[in-house]
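Position in the sequence shown (from 1) plus 3 gives the number in our numbering. Ideal Cβ placement from N, Cα and C applies to all residues, glycine included. Predicted model, so just to flag it, every value in this text is computed and none were measured.
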Amino acid sequence: MESEKEIKIIEDLSLNAWPSHQMQLYDGWILRFSYFYTHRTNCIEQIGSSSIPLGDKLDYCEEIYEKWGTPAIYKITPLLSSSFDQMLTERGYHIAHVTEVMTMDMSNYKVREPLYPVTVSDVISPAWLDALFDMKGTVNKIHRKIVPSMYAAIPKDVISAAVYEGKKIIGTGLCILDRDYAGIYAIHVDQGFRRRHIGNAICRALLNAAFCRGAASAYLQVVKGNTPAKGLYESLGFHDFYTYWFRQQYPVAEGANQPAEK
């Protein structure tokens with residue numbers, strides 16, 4: 004029960020941390036839509052009990068996402084019954100993305116100087132966002148238009164981190180403070196500057212700042228199979244906690260913009 008309670012907390016924190024462009028509430032479900040920018044911001048999440056028959060709900064959600072021009076996608080966490088995941092499988096949904104959630108108890112955290120100079124700020128600047136887009140290869144005009152407003156809509160205190168090479172930002176990171184948790188997001192390093200411990204420095208700077216502001220726990224989410232990132236986070240003191248995945252209604256047409264996790 005304690006693990007379920009903490010999973011629920013982290014799932015709530017994640018919703019706060021990453022708003023969608025549009026959201027609808029529907030009988031205990033949240034329908035999120037962001038022009039397929041990421042799976043997390045373009046999926047259905049269950050946050051409450053249901054009263055409408057499940058088949059009718061699935062039909063309704065598929066109709067809504069069809070109008071939005073994207074497949075229906077469900078986020079599957081350990082809080083949901085395995086029978087729901089099986090029902091989606093039988094309905095033709097496939098696993099599109101698997102994410103591992105890692106956590107860290109910061110009660111014994113030691114503040115250490117980052118291995119590389121990192122600039123931290125209490126705001127997310129346009130320059131930081133432009134650098135993030137460039138490093139992620141985000142060229143979709145709609146995404147570049149709506150995503151800044153999604154970051155601006157984060158309702159919690161943020162700490163942004165940037166590493167510079169001259170005047171160019173070559174590394175980014177973001178910490179979102181909520182309750183006594185620090186959520187670590189948007190860790191990206193320019194391809195030409197990897198293997199220089201820049202990611203380590205960014206994470207360390209964010210954790211230092213969060214600890215000094217009273218964070219007692221930290222969490223992050225990493226794509227399953229991203230071995231270098233997993234090794235980095237483990238070296239900082241993070242441990243595996245739980246896994247979630249997305250069930251997607253149908254594949255995206257070849258050449259369409261693919262979602263990339265934050």
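A residue is called buried once 16 or more other Cβ atoms fall within 10 Å of its Cβ, and Gln224 is buried on that count.
With a cutoff of 8 Å on beta-carbon distance, Leu209 and Gly174 are scored as not near each other.
When the beta-carbon positions are compared, Phe249 and Thr106 stay at least 8 Å from each other. Trp21 sits in coil when the DSSP states are folded into three classes, being neither helix nor strand. Comparing C-alpha distances from Val150 to each of Leu57, Arg199, Arg94 and Pro129 shows the shortest one belongs to Pro129. Secondary structure of Ile33 (DSSP, three-state): strand. At a Cβ-Cβ threshold of 8 Å, Gln252 and Tyr63 do not count as neighbours.
Here Ala189 carries a strand assignment [DSSP, helix/strand/coil]. Remark: C-beta atoms of Val104 and Tyr184 do not approach each other more closely than 8 Å. Listed in chain order, the non-local C-beta contacts of Lys171 below 7 Å within the same chain number zero, local neighbours out to five positions each way being set aside.
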